[in-house]
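Working notes for the structure below.
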Amino acid sequence: MRIIMGPKIFERSEFESEAELEEVIRSHSNVIFSDDIIYIPQKLITTLQGFSTIPEAIVVDLNAEQWYIVEVELAKHGMWSHIAPQITKQIVAAENPRIRKEIIQIAINEIEKSNTLKQRLREKGVHEIKVLGFLQEILEKDPLVVIPIDAIPQDLGAFAKVLNRDLVPVLVEKYESKDGEIAYRIASGKLVVLPPEDMEKGKISEEEFLERCERPGVILYRRLKELAKAVGDELIPGKSSFSYYIVTKGGRKFCPFTIWPDGIAIYKLHFTEKHGVKEEAYSKFRENLLKIESLKNKYDLMKIPIMSTHAG
């Protein structure tokens, strides 16, 4: 295939390295995704057993309300010797609740720095107090795996069926003119329209959740469950976590905590008089939290303080 631009003819050329293809994707991510994305490059993600992998990027698309693992590959690296193992490890690592919490924290920080993203969210009806819940709902979904690649392996479709996951190949071709000018062709439309997803199907059961918890997590969960029952609040399951919802006298709900098998996230922005939390009550709550060793040096610095529930 050739590309003709004015008097110049561009012939198909090979990428010099995977790094070259990575830079193309990083520089032109808006060609693949919507304009309202949070692009997190080279994010280390780790499986529950401690095996690490680094995809090209994690992308949180605020418009499509979906998140993606972006794994850049060159076809010459081999479907079964390299590409399939990499994708498999990344999908497994994405199941780690701690990784999802880290991505939410990074996304919160990026939104805080961007007036454009704040405005886009307001236009969607997601005001500041709702941003945490909005991101949590996105990260509760399974990620789509986007694979920018210079040639699509024949076995990729079969591999996706075995995984029972949507793998989205994005063909990226390099072209070069005789005088050394480079052009790239990205054969993809924007990933903005997604298939419907049955969120109920993916919710974790209480039994499965408690099996994943160590003893402190089990105790905390049971105490929250007892509290919710006693005062009329709700403990609602997600894909890998339970969120505690306080039900106000007016029937409104807000989420101050989410508990994962390995920790609890505290949504500070929800502790306001608007949600029925008096300032003196929150002040006392904060004082007690600062007595906890893992929180005392970071609680005031973090939008979403996180406390481990690992034993010891």
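Just add 85 to the spot in the sequence shown (first one is 1) and you have our numbering.
The C-beta atom is built at its ideal place from N, Cα and C for all residues, glycine as well.
Owing to the predicted nature of the structure, the values given are computational and were not obtained by experimental measurement.
ask   = Going by other Cβ atoms of all chains shown within 10 Å of its Cβ, with 16 needed for buried, is W345 buried or exposed?
value = buried
Worksheet item: Mind checking whether K93 and T138 have CB atoms under 7 Å apart?
Response: no
**Asked** What first and last residue would you give for the alpha helix (DSSP H) that runs through Q204?
**Response** For Q204, the enclosing alpha helix (DSSP H) covers residues 200-208.
Please identify the residue among D121, I351, A396 whose C-alpha is closest to the C-alpha of L375.
Per the Cα distances, I351.
Query - K381 classed as buried or exposed, judged by whether at least 16 other C-beta atoms fall within 10 angstroms - result: exposed
Have a look at the DSSP bridge pairing and note the partners of L374.
-> L374 pairs with nothing; no bridge assigned.
Notebook entry, point to check: Around the Cβ of R207, are there at least 16 other Cβ atoms within 10 angstroms (buried) or fewer (exposed)?
Noted result: exposed
Query - Sheet register partners of A402 (DSSP bridge) - result: In the structure as shown, the chain starts at 86 and stops at 397, and residue 402 therefore has no counterpart that could be examined.
* Determine the DSSP secondary structure at S325, reduced to helix, strand or coil. => In this structure, S325 counts as coil in the three-state DSSP scheme.
DSSP bridge partner residues for I344 (one or two, in chain order): BP columns for I344 point to F327, I349.
- Excluding the five sequence neighbours on either side, which residues of its own chain have a C-beta within less than 6 Å of the C-beta of G361, listed in chain order? T333
Going by DSSP, what residues sit across from Y398 in a beta bridge?
Only positions 86 to 397 of the chain appear in this structure, which leaves residue 398 out of reach.
Boundaries (first-last residue) of the alpha helix (DSSP H) holding Q175
169-179
- Give me whichever residues DSSP pairs with L229 in a beta bridge. Y153
Checklist entry - Assuming I232 contacts E107 under a Cβ cut-off of 8 Å, what Cβ separation, rounded to an integer in Å, is found between them? => result Between E107 and I232 the Cβ distance is about 12 Å, and since that is not below 8 Å, they are no contact.
| task | Put F339 into one of helix, strand or coil per three-state DSSP. | result | strand
For this session: Identify the continuous alpha helix (DSSP H) that holds S114 and give its terminal residues.
Result: Segment 114-117, the alpha helix (DSSP H) holding S114.
Q | Rounded distance between the beta-carbons of K324 and K288, thought under 8 Å | A | 7 Å
Leaving out the 5 sequence neighbours to the left and right, which residues in its chain are closer than 7 Å to L129 when beta-carbon positions are compared?
S137, I139
Practice task
Just the C-alpha distance for P301 and P254, rounded to the nearest angstrom, thanks.
Solution key: 42 Å
Tell me whether V109 sits in a helix, a strand or coil according to DSSP, three-state version.
-> helix
Next item on the list: Assign V216 to one of three DSSP states: helix, strand, or coil.
Entry: If DSSP states are grouped into helix, strand and coil, V216 belongs with the helices.
Across the region 114-132 and the region 143-153, are there enough close Cβ pairs to call them in contact, namely three or more that are closer than 8 Å? yes
For Y306 and E319, which I take to be in contact (beta-carbon distance under 8 Å), what is that distance rounded to the nearest angstrom? For Y306 against E319, the beta-carbon gap comes to about 14 Å, at or over 8 Å, which does not count as contact.
query = DSSP three-state call for R250: helix, strand or coil?
reply = coil
| said: What does the alpha-carbon distance come out to for the pair T394 and T357? | reply: Straight-line Cα distance between these residues: approximately 26 Å.
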